[in-house]
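Working notes, structure below.
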Amino acid sequence: MILFEPTLATSKAVDTAVRISLAGTNGLLLDVSCGPYDKALQQRLWALNNTLCNPQSFPGLVETVPGVNNLLVIYDPRKIPPDAAAQVLSDLWISSSPTPINGKHFVIDMIYGGEHGMDLDYVAEQTGLTPRDVIALHSSVTYTVAALGSMPGFPYLVGLPPALEVPRRQVPRTLIPKGSVVIAGEQASVFPCPGPCGWHVIGHADFDGFDSLAMPPALLSPGDTLVFRPKAQLK
């Protein structure tokens with residue numbers, strides 16, 4: 001059930017449809033149907049999320065979960081009914097503006113190819129590059145954490161060079177190791193724990209991305225940046 005569907009400008013001359021819909025009995029999903037990743041739009045979602053951290057801004061707020069191009073808001077319907085909650089969220093979105101986050105920067109050493117980078121050759125074949133070209137491109141840019149999701153501490157990274165964009169695997173793997181460095185479409189990531197995956201595994205890093213006893217438990221946060229540094233070539 002869609003409660004609101006305003007059309008709002010995201011940047012310059014681009015209009016984006018924004019939908020606020022019910023997510024269960026106590027949630028609202030603000031979803032921005034913008035197609036490709038939009039940095040300014042994501043910064044606007046971060047700003048909205050920061051505003052919601054103020055308990056005075058949204059009565060009955062329980063939790064927020066920022067995603068890529070969306071924001072999930074969990075609230076107490078005994079304190080504010082769905083229509084009123086959606087109106088508050090819509091008003092806050094309209095008044096928000098892109099705000100960069102001064103996040104932390106990380107350097108992640110990794111090994112490309114080999115047993116734990118079994119898709120490196122496939123990615124090279126699909127992109128018309130050599131494996132060494134793939135390594136050079138993947139390690140040449142700075143990635144930004146757009147959101148966490150999928151599993152605890154899993155970072156959705158933006159900044160992958162367009163030349164490395166490859167569709168997801170048709171048949172996902174049921175389990176890949178912790179530390180697997182993966183790419184799919186226009187995004188990249190590194191696995192904080194073992195799990196299933198439909199992305200392409202191009203290498204492996206010693207990456208402790210989630211610790212349930214730490215505070216916060218996830219190493220990375222939205223707005224953080226990182227680079228991958230080759231530790232060895234084609235092991």
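Going by the UniProt record's numbering, the residue at position 136 of the sequence shown is 136; the numbering climbs one at a time, nothing skipped. We treat Cβ as the ideally placed atom computed from N, Cα and C, and that holds for glycine. Note that the coordinates shown come from a computational prediction; the quantities given were computed from them, not determined experimentally.
- The alpha-carbon of G67 is positioned some 14 Å away from that of P36.
- With a cutoff of 7 Å on beta-carbon distance, S57 and T64 are scored as not near each other.
- Here S95 is actually not in contact with I20; their C-beta atoms are around 15 Å apart, not less than 8 Å.
- In the DSSP assignment, the residues bridged to D31 are R19 and N70.
- Annotation note: the stretch 151 to 228 contains the following uninterrupted beta strand (DSSP E) runs of length 3 or greater, listed N- to C-terminal: 155 to 158, 173 to 176, 180 to 184, 187 to 190, 195 to 197 and 200 to 205.
- Taken in chain order, the whole alpha helix (DSSP H) runs of length 4 or more contained in the stretch 67 to 122 are 82 to 95.
- L160 is positioned such that its CB atom lies closer than 7 Å to that of A188.
- Across the structure, C197 and R173 are spaced so that their CA atoms are roughly 5 Å apart.
- A residue is called buried when at least 16 other Cβ atoms come within 10 angstroms of its Cβ; A17 does not meet this threshold and is exposed.
- Here the alpha carbons of V32 and S212 stand approximately 31 Å from one another.
- Per the coordinates, the alpha-carbon of A205 lies some 14 Å from the alpha-carbon of L120.
- Residue pairing by DSSP places A146 opposite no residue, since no beta bridge is assigned to it.
- Note that the C-beta distance between F210 and P216 is not below 7 Å.
- Distance from H138 to S180 at the Cβ level is roughly 14 Å; contact not present, criterion being Cβ atoms closer than 8 Å.
- Under the three-state reduction of DSSP, V141 is assigned to coil, being neither helix nor strand.
- Under the three-state reduction of DSSP, L61 is assigned to strand.
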